[in-house]
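This note's numbering puts the first residue of the sequence shown at 1, with every later residue one more than the last.
Ideal Cβ placement from N, Cα and C applies to all residues, glycine included.
These figures come from a predicted structure and were not determined experimentally.
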Amino acid sequence: MRWFRRFRACRGGASAVEFAMIAPVFLMLVFGIVIYGSYLAVVYGVQQLTAAAARSSIAGLSDTERSSLATSYVTANAGSYPLLSAGNLTVNAAASPSNANVFVVTVNYNASGLFIYTLPSFMPTPPTTIVSSAAIPRGGF
1 MRWFRRFRAC RGGASAVEFA MIAPVFLMLV FGIVIYGSYL AVVYGVQQLT
51 AAAARSSIAG LSDTERSSLA TSYVTANAGS YPLLSAGNLT VNAAASPSNA
101 NVFVVTVNYN ASGLFIYTLP SFMPTPPTTI VSSAAIPRGG F
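Next up, the structure:
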């Protein structure tokens, strides 16, 4: 009986038990911040690249020239975004099917090669394809 009272009064392992309960939640939170923070940085880079490509396409006189300007802008400037790989970018630039006075630039990025998809999958991962579009009216206004 005396041994049982002494065992009940001992609090030496309480911090180890508390750590064992809190550590998985903390690690999931940290990994979530890393995974989604990196993914959102890539999404932001694709959006900025798309918007700048659409702005550069305004200088073209025809749809073919506008498309060429947007594609060359994306190709030339993809390296300035550290998390983007230029080989995974595809550009589609054409007049809007619903409004002939609007030129639409769409950039697709295949993000399946990012390091976040190699981490343990104990939490849901974001989609591997990022699509961003920017529309510019003819005349720039």
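- Here DSSP, grouped into helix, strand and coil, assigns Thr-129 to strand.
- Closest by C-alpha distance to Tyr-117, out of Ile-35, Ala-23, Pro-24 and Leu-29, is Ile-35.
- In the DSSP annotation of this structure, the continuous segment of the beta strand (DSSP E) that includes Asn-108 starts and ends at 102-110.
- Within the model, the alpha-carbon separation for Glu-18 versus Arg-6 is close to 21 Å.
- The shortest CA-to-CA distance from Ala-52 to any of Val-43, Ser-121, Ala-70 and Val-42 is the one to Ala-70.
- Assigned with DSSP and collapsed to three states, Thr-50 falls in helix.
- When DSSP assignments are scanned along the region 53-78, the uninterrupted stretches of alpha helix (DSSP H) that are 4 or more residues long and fall wholly within it turn out to be 63-77.
- In terms of CA proximity to Leu-83, Ala-111 leads the group Ile-136, Glu-65 and Ala-111.
- Note that the C-beta distance between Thr-106 and Ser-132 is below 9 Å.
- Relative to Gly-45, the option among Pro-124, Gly-113 and Asn-77 whose CA is nearest is Asn-77.
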